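Peer 1: Each protein sequence line maps, in turn, to chains W and A.
2 is the number of the first residue of the first sequence in our numbering; add one for each residue after it.
2 is the number of the first residue of the second sequence in our numbering; add one for each residue after it.
C-beta atoms are modelled at their ideal positions from N, C-alpha and C, and glycine is treated no differently.
Just so you know, these numbers come straight off a predicted model, no measurement behind them.
Sharing a structure below in structure tokens format, with a few things to ask.
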Amino acid sequence: MTYAIEVANLRKKFPQFQLVDVSFQLPTGTIMGFVGENGAGKTSTIKYLLNLLQKDSGEVKLFGLDHVEHDIAIKEQIGVVFDDLYVPETLNATQINHILEKIYANWDEAYYVELLKRFKIPIKKPIKQLSRGMRMKLSIAMALAHHPKLLILDEPTSGLDPIVRDEILDLFMEFMQDEDNSILFSTHITSDLEKIADYITFIHEGEIVFSKNKDELLYDYGIWKGTVEQSKELPEHAKVRMRKNAFGIEILVNRKEVNKAFHLDKPSIEDIMLFFVKGAYV
Amino acid sequence: MDIKLSNASDKPIYEQITEQIKQAIITGKLTPGDPLPSIRNLARELKISVMTTKRAYSDLERDGFIVTFAGKGSFVAERNQEFLREELLRQVEDHLNKAVQIAKISGIHGKELLDLLSLLIEEELE
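Structure, rendered in structure tokens:
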């Protein structure tokens, strides 16, 4: 198997925060959701992928190449979308075309124009007059028009309405029709990921809590609800984390270890995140 | 081919896909040699992950319902009655197993369970 992204034991100490041995791998041809609360280290990690910050130690490779040594070659192959469009506000979509065609060797003007048309982005309006949805769509068109092999997306759908989000997810699925393409998708709108992600990597306080196949994650865990007394019937080794409230107890369990007669709810990615961050060990 | 996915279902998405494709094959809606959509195309249309559709197809292949040729895609396999029977038998076993588990928890004895099953068989099959 080849990997679009390989991060191994990435370490960095900031004054207020640190990344501790961050490790994960994104197999080529798949979509990885990168989740965690605000300030957990998602954007910092992404900045290392893009070689924007200097690490203390560890290894970061994209397409099997070291991210510092092969900086330019890698950047020709990746498209990046941040949570907003960070270009001078007075430029319009046409002017951006003229700038980017000089930056990327593979810039495909025809494809860029096609994307603008499809998204109905006005080509002469300065960016400052565009709605948030339009800015994000333009940002995505800019990220795709040099035919990258890897998309790195940092909160691309936050603050967007469901219709625009659906259009954008559609475009990502279209991108994934080429099996050499991969996506790293950081977000806290986990419902988007529940649909399209192949892997989920969860970061909390600068550490990776898990990096797993999404189907395994969602189907291997179940949520049991009941009273403290009833919970004693569950096998101890099946319990992963628990949350108590005034009226009962909820336990995240390994489905396989629990008798099928117990009713278990299907967890969402959000539920699992909450159990791991807020839940207590059993 | 119609595929309907439900989030409310207890069944994993890949299982919902395999079940519906199996059903279509068993009932003759899909016939041997019929092409299936590609893994990536199916994922895109259903807006689900590629790994999920890949898993569904590899389960179908394992169970002998479809065959995949590199570079050409997946097709409904030549109908094999033995396979179909085995598949249905597996489904029956699954359901019986569930009944046994519930009986175990509620303290229903084996004898009682067998009596109940005999009664049901009498009503339905004979």
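Is W:H205 helix, strand or coil when you go by DSSP?
Peer 2: What you label residue 205 of chain W is simply residue 204 of the first sequence in a count that begins at 1. Correct three-state label for W:H205: strand.
Peer 1: Since W:P163 is in the alpha helix (DSSP H), which residue starts that stretch and which ends it?
Peer 2: Position 162 of the first sequence, counted from the first residue, corresponds to residue 163 of chain W. Here the alpha helix (DSSP H) through W:P163 covers P163 to F176.
Peer 1: Name the residue from A:G34, A:P33, A:L97 and A:I49 whose alpha carbon lies nearest to the alpha carbon of A:I40.
Peer 2: Indexing the second sequence from 1 puts residue 40 of chain A at position 39. Out of A:G34, A:P33, A:L97 and A:I49, A:I49 has the C-alpha closest to the C-alpha of A:I40.
Peer 1: Who are the near neighbours of W:G160 in its chain, counting only those whose CB is closer than 7 Å to its CB and skipping five residues on each side?
Peer 2: Position 159 of the first sequence, counting from 1, holds the residue named residue 160 of chain W. These residues qualify, in order along the chain: R133.
Peer 1: Quick one: Cα of W:D144 to Cα of W:K56, how far?
Peer 2: By one-based count along the first sequence, residue 144 of chain W stands at place 143. By one-based count along the first sequence, residue 56 of chain W stands at place 55. The displayed chain sequence assigns Ala, not Asp, to residue 144 of chain W. Computed Cα separation, rounded: 25 Å.
Peer 1: Verify whether the separation of the beta carbon atoms of W:A146 and W:Y113 is less than 7 Å.
Peer 2: Translated into the one-based positions of the first sequence, residue 146 of chain W becomes position 145. Translated into the one-based positions of the first sequence, residue 113 of chain W becomes position 112. Yes, the pair counts as a contact, with Cβ atoms nearer than the cut-off.
Peer 1: Beta-carbon of A:I106 versus every beta-carbon of chain W: anything under 7 Å?
Peer 2: The sequence position of residue 106 of chain A within the second sequence is 105, counting from 1. Yes - at least one Cβ of chain W is within 7 Å of the one on A:I106.
Peer 1: Let me confirm a value: W:H68 is counted as buried when at least 16 other C-beta atoms fall within 10 Å, else exposed. Which label applies?
Peer 2: In the first sequence, counting from the first residue as 1, residue 68 of chain W sits at position 67. Label assigned to W:H68: buried.
Peer 1: Can you tell me which of the three DSSP states A:R45 falls into?
Peer 2: Residue numbering aside, residue 45 of chain A sits at position 44 when the second sequence is read from its first letter. Note: A:R45 maps to helix in three-state DSSP.
Peer 1: So is A:R63 in contact with chain W if we call contact Cβ pairs under 7 Å?
Peer 2: Position 62 of the second sequence, counted from the first residue, corresponds to residue 63 of chain A. By this cut-off, A:R63 is not an interface position.
Peer 1: Given that W:L284 touches chain A, what residues does it touch there, using C-beta distances under 8 Å?
Peer 2: This structure cannot settle anything about residue 284 of chain W, because the visible part of chain W is limited to 2 through 283.
Peer 1: At a cut of 8 Å, does the segment 89-102 of chain W reach the segment 114-125 of chain W through at least three beta carbon pairs?
Peer 2: Contact between the segment 89-102 of chain W and the segment 114-125 of chain W is present, because at least three Cβ pairs lie under 8 Å.
Peer 1: Going along chain W in order, which residues have a C-beta closer than 8 Å to the C-beta of A:D11?
Peer 2: The count along the second sequence starts at 1 and reaches residue 11 of chain A at position 10. Simply K267.
Peer 1: Let me confirm a value: W:N52 is counted as buried when at least 16 other C-beta atoms fall within 10 Å, else exposed. Which label applies?
Peer 2: For the purposes of this step, residue 52 of chain W is taken as residue 51 along the first sequence, with counting starting at 1. W:N52 comes out buried.
Peer 1: Below 8 Å between beta carbons is the criterion; list the residues of the segment 32-55 of chain A that meet it against any residue of chain W, in chain order.
Peer 2: Cβ contacts with chain W: R41, N42, A44, R45, K48, I49, S50, V51, M52 and T53.
Peer 1: Residues in its own chain within less than 6 Å of W:P157 by CB, not counting five upstream and five downstream?
Peer 2: Walking along the first sequence from the start, residue 157 of chain W turns up at place 156. So the qualifying residues of the chain are V82.
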